[in-house]
Amino acid sequence: DAGVTQSPTHLIKTRGQHVTLRCSPISGHKSVSWYQQVLGQGPQFIFQYYEKEERGRGNFPDRFSARQFPNYSSELNVNALLLGDSALYLCASSGGGMGEQYFGPGTRLTVT
Amino acid sequence: RKEVEQDPGPFNVPEGATVAFNCTYSNSASQSFFWYRQDCRKEPKLLMSVYSSGNEDGRFTAQLNRASQYISLLIRDSKLSDSATYLCVESGGSYIPTFGRGTSLIVHP
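Just so you know, the protein sequences line up as chains A and B, in that order. Note that the first sequence ends on residue 112 in this note's numbering; no numbers are left out. Note that the second sequence ends on residue 1109 in this note's numbering; no numbers are left out.
Below, the structure written as structure tokens:
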């Protein structure tokens, strides 16, 4: 069975640019969460979507936005990139609620 | 601010040793707890859920102490392949899971 997939795997952007990251959950999972992880820290929660509705939002600026599509895949958008946005962006899917989550391999974003 | 605290380590132990990690949480409304394992430059992988009654899976045992607000992970008979970072997670009713920064374990021959 396919796990959570994310694209792209690596990305280099310049300050001020915009980026879109994509995630496809495990088949049958209706919930997708996004996390940011910087070196030496645990993943920081950004958003959770369930059935296309935002169900949770972490402490991130409005430059971060996301959406979930009818097929439950999701996009994370970040506008006006800052150097501090350089991190590993992880997507996780779950069946719903705050149960067990399954992570994708992540997108490593570098902002120069 | 709701936080999850972990000792970053590293915990350096020989093969065959028993090692335990604790993780404290500040959100008394937390309902769900998990341990994840993360290898270097890889994504976190679910290790086990933590139930009120405790949970055991082979060499791994997880416990929850609600009164003192901590969860623990015990690894018996450590293997070289257990070397990784162990992340604890708590989720309250607000659908905002909080990860600890992780505890690094190094198992040496």
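Note that CB positions come from ideal geometry on N, CA and C, so glycine has one too.
With respect to chain A, the C-beta atom of P1010(B) has no partner C-beta closer than 7 Å. Per the coordinates, the alpha-carbon of G95(A) lies some 7 Å from the alpha-carbon of G28(A).
Exclusion of the five residues before and after V19(A) leaves K13 and V78 as the residues of its chain whose Cβ lies within less than 6 Å of its Cβ. Ranking G1009(B), E1015(B), E1005(B) and E1003(B) by CA distance to the CA of V1107(B) puts E1015(B) first. Proximity of E1015(B) to chain A, defined by a Cβ-Cβ separation below 7 Å, is not satisfied. The Cβ of P43(A) sits closer than 7 Å to at least one Cβ of chain B.
Interface residue (Cβ-Cβ distance to chain B less than 7 Å): L90(A) is classified as such.
Taken atom to atom, the span from the alpha-carbon of Q44(A) to that of T1085(B) is near 16 Å. For the pair of segments examined, the segment 47-57 of chain A was found to touch the segment 66-73 of chain A: the number of CB pairs separated by less than 8 Å reaches three. Cα atoms of G1009(B) and L1105(B): separation of roughly 7 Å, rounded to the nearest angstrom.
Beyond the five residues adjoining it in sequence on each side, V38(A) comes within less than 7 Å, by CB distance, of A87 in the same chain, given in chain order.
Burial of R1037(B) is indicated by the presence of at least 16 other C-beta atoms within 10 angstroms of its C-beta. Runs of beta strand (DSSP E) with 3 or more residues, each lying fully within the segment 27-81 of chain A, are found at 31-37, 44-50, 53-57, 64-68 and 74-78, listed in chain order. Among the residues of the segment 99-112 of chain A, those with a Cβ less than 8 Å away from any Cβ of chain B are G99, E100, Q101, Y102, F103, G104, P105 and G106, in the order of the chain. Of all residues in the segment 52-81 of chain A, the ones placed with a Cβ closer than 7 Å to any Cβ belonging to chain B are R55, G56 and G58, in chain order. The three-state reading of DSSP puts D1039(B) in coil, since its state is none of H, G, I, E or B. Scanning chain A for C-beta atoms nearer than 8 Å to the C-beta of G1054(B) yields nothing, as the closest lies near 17 Å away. Leaving aside the five residues that flank E1005(B) on each side, the residues in its chain whose CB is nearer than 6 Å to its CB run, in chain order, T1024. Around the CB of E1043(B), 16 or more other CB atoms lie within 10 Å, so the residue is classed as buried.
When CB distances to chain A are screened at a threshold of 9 Å, the residues of the segment 1021-1046 of chain B falling below it are Q1031, S1032, F1034, Y1036, Q1038, R1041, K1042, E1043, P1044, K1045 and L1046, in chain order.
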